[in-house]
Amino acid sequence: MAAVPSAAFDLQRFASSGRPVGLRAVEIGADALLRLPDMVSAVSSADPVGRVAVLTDGVPKKRLGAEATALVTSLLSGTGDVRGVTVLSGPGGVHADERTVAAAAAAAAGASSLVTVGSGTVADIGKAVSARLGTAAHVIVQTALSVNGYADDQSVLLVDGVKRTTPTRWPDGLIADTQLLAGAPLPLNLAGVGDLLAMFTAPADWRIAHLLDMDDRYAGDVVAMVRDHGPALLRAAPLLRDRDPGAIELTAKVLTLSGVGMGLAGTTAPASGAEHTVSHLLEMAAAREDRPSAYHGAQVGVAAVLAALVWRHVRQRVRGGARVLRCPSDDQMRPAVLAAFSSLDPSGAMAGECWRDYQRKLARWRERHGQVDQLDPAQLDDAARLLEQPDVLRAALRRSGAPARPGELDPPVDAGMTRWALANCHLMRDRFTIVDLAVLLGVWQPADVAAVLAAAGIAGGGP
Ligand SMILES: [Zn+2]
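Using the numbering used here, you'd call the opening residue of the sequence shown number 10 and step up by one each time.
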């Protein structure tokens, strides 16, 4: 068993610059799943392996016509004492919240190894369960190309109804079997492309945050290790419709690289900027009302187009003379945060959770820049070199058959909800994005939000 993921990932060169990669084995390819028993034995320090919990959800998953979870169980039957654990599910599907993680951990208690079979949310739960139980080994069998969160040590969990990236644990092994992935619903696989479109917006957010002293962890090599595959990904995406094995493999590899990059950087910032905050707000609204939301990655793809348009809008305003950065006071912003989130959660818990994080961001800005400062446009130009044009992103989504606008998501997101999510996305957490810069420059008024929505072709998004 290789000590590090396949040489194709070229992780060795990051070994000295980032944190250690806890992911010790990666198999990507047509028959990767068949190597699961060997991988579990190799990454588990227990010999024999002992009890293996197979964590999954109730969603059917097929590989060459066979039920994938049953296949996993049968493959592992010679390796250990296999026990199935099905995560809790409500009318809105599976939510990665404390109740679900606790129930899964209780059901898997006593297992020395954990094998998680599923897509992003189930993988997030699996990483949290393995951290909680301290299992000797955790192997994720990803069943869709849906997100980049399989290959890192963090989980997106719901805390007081708010999506929070929480340190959990690296999986020890990851399996991306292209014949299993080919059986995933196309919209779910296209969601992975959407999630990856964040590589064309989030790094610019991360870079400007770094240049403005709002993030200490910027790592250009982590950005490059994913971004270098951007053109290949945009070429591969339309081939996913035909279940092209090469396109599936390439997408799986880039998703893995993106996940590893987040783990190396110790932050999701290389792959998560303003586009993710917009998506998180849409997901929070859906979860709070216990209705399904569109796939995370599908929303991120659509929101990446919006984030690229916000960048364009801010750059235009800066070229037009907007340079003064004025930090609003806590007294101004606290009511804004309450107003944004109290309709979703009248108890105030969600608004309180958001305010705690947002207040930290304001405090850091004041500490580094005072109440009033001046933007150096050269810094904006520097960060903008990492962007892709909104039209290019939109065209890539269209060519692939993925949703390119909020109204095309399943279920669709209307103009009013889009306006709410875009206008308030910066208020949910302490990560600095282009939207925070727009606020400081005074160019995030209702008319600015409406201009971005109009440029996105979203009718009725005005104030
Ligand atoms: Zn994502």
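Think of the CB as a built atom: it goes at the ideal place given N, C-alpha and C, for glycine as much as any other residue.
Thinking C-beta only, is P399 closer than 8 Å to V314? Stepping through the sequence shown from its first residue, residue 314 is reached at position 305. Stepping through the sequence shown from its first residue, residue 399 is reached at position 390. Yes. Within cutoff.
Expressed to the nearest angstrom, what Euclidean distance is found between the alpha-carbon atoms of L450 and V381? For the purposes of this step, residue 450 is identified with residue 441 of the sequence shown, where counting begins at 1. For the purposes of this step, residue 381 is identified with residue 372 of the sequence shown, where counting begins at 1. Taking the straight line joining both Cα atoms gives about 10 Å.
DSSP state of T174 mapped onto helix, strand, coil: Position 165 of the sequence shown, counted from the start, is the residue given in the question as residue 174. Reduced to three states, the DSSP call for T174 is strand.
Could you tell me the distance, in whole angstroms, from the CA atom of V103 to the CA atom of S128? Position 94 of the sequence shown holds residue 103. Position 119 of the sequence shown holds residue 128. Answer to the nearest angstrom: the Cα atoms are 11 Å apart.
Cβ-Cβ distance between D181 and V52 below 8 Å: Locating residue 181 in the sequence shown gives position 172, where the first residue counts as 1. Locating residue 52 in the sequence shown gives position 43, where the first residue counts as 1. A contact, by the Cβ cut-off of 8 Å.
Count the other CB atoms within 10 Å of the CB of P14; is the residue buried (16 or more) or exposed (fewer)? The residue given as residue 14 occupies position 5 in the sequence shown. Legend: pLDDT at P14 = 39, less than 50; position of this residue unreliable, no value from coordinates given.
Express the C-alpha separation of L347 and G361 in angstroms, rounding to a whole number. Indexing the sequence shown from 1 puts residue 361 at position 352. Indexing the sequence shown from 1 puts residue 347 at position 338. Cα-Cα distance, rounded: 8 Å.
I need the straight-line Cα distance from G306 to Y227, nearest angstrom please. Along the sequence shown, read from residue 1 onward, the residue named residue 306 stands at position 297. Along the sequence shown, read from residue 1 onward, the residue named residue 227 stands at position 218. Taking the straight line from one Cα to the other gives about 23 Å.
Exposed or buried, what is F18 when buried is set at 16 or more other beta-carbons lying within 10 Å of its beta-carbon? By 1-based counting over the sequence shown, the position of residue 18 is 9. Note on F18: pLDDT 47, under 50, position unreliable in the model; the coordinate value appears next. F18 is buried by the Cβ-count criterion.
Top-ranked residue by Cα proximity to L199, from A105, L406, A345: Here residue 199 refers to the residue found at position 190 of the sequence shown. Looking only at A105, L406, A345, the smallest Cα-Cα distance to L199 is reached by L406.
Start and end residues, beta strand (DSSP E) containing R321: Position 312 of the sequence shown, counting from 1, holds the residue named residue 321. Counting along the chain, R321 falls outside any beta strand (DSSP E), though it belongs to the alpha helix (DSSP H) covering 305-328.
Are V323 and I443 closer than 8 Å when you measure CB to CB? Within the sequence shown, the letter at position 314 stands for residue 323. Within the sequence shown, the letter at position 434 stands for residue 443. Result yes, Cβ atoms of V323 and I443 sit closer than 8 Å.
Secondary structure of L332, DSSP reduced to three states: Position 323 of the sequence shown, counted from the start, is the residue given in the question as residue 332. Note on identity: in this sequence residue 332 is Arg, with Leu being the wrong assignment. Assigned with DSSP and collapsed to three states, R332 falls in coil, not helix or strand.
Is R300 helix, strand or coil by DSSP? For this step, residue 300 is matched to residue 291 along the sequence shown. In the structure shown, R300 sits in coil (DSSP, three-state: anything other than H, G, I, E or B).
Cβ-heavy atom distance, V309 to ligand 1, below 7 Å: Position 300 of the sequence shown holds residue 309. At least one heavy atom of ligand 1 lies less than 7 Å from the C-beta of V309.
Rounded to whole angstroms, what's the CA-CA distance from L243 to A39? Just pull it up for me. To locate residue 243, count along the sequence shown from 1; it is residue 234. To locate residue 39, count along the sequence shown from 1; it is residue 30. Roughly 22 Å between the two C-alpha positions.
Note down the Cα distance separating M426 from L291, rounded to an integer number of angstroms. The residue labelled residue 426 in the question sits at position 417 within the sequence shown. The residue labelled residue 291 in the question sits at position 282 within the sequence shown. When the Cα atoms are used, M426 and L291 turn out to be separated by approximately 8 Å.
Residue range of the alpha helix (DSSP H) that includes H378: Position 369 of the sequence shown holds residue 378. Annotation: the continuous alpha helix (DSSP H) that includes H378 extends over 358-378.
According to DSSP, what are the bridge partners of L142? Start at 1 with the first residue of the sequence shown, and residue 142 comes out as number 133. DSSP lists no beta-bridge partner residue for L142.
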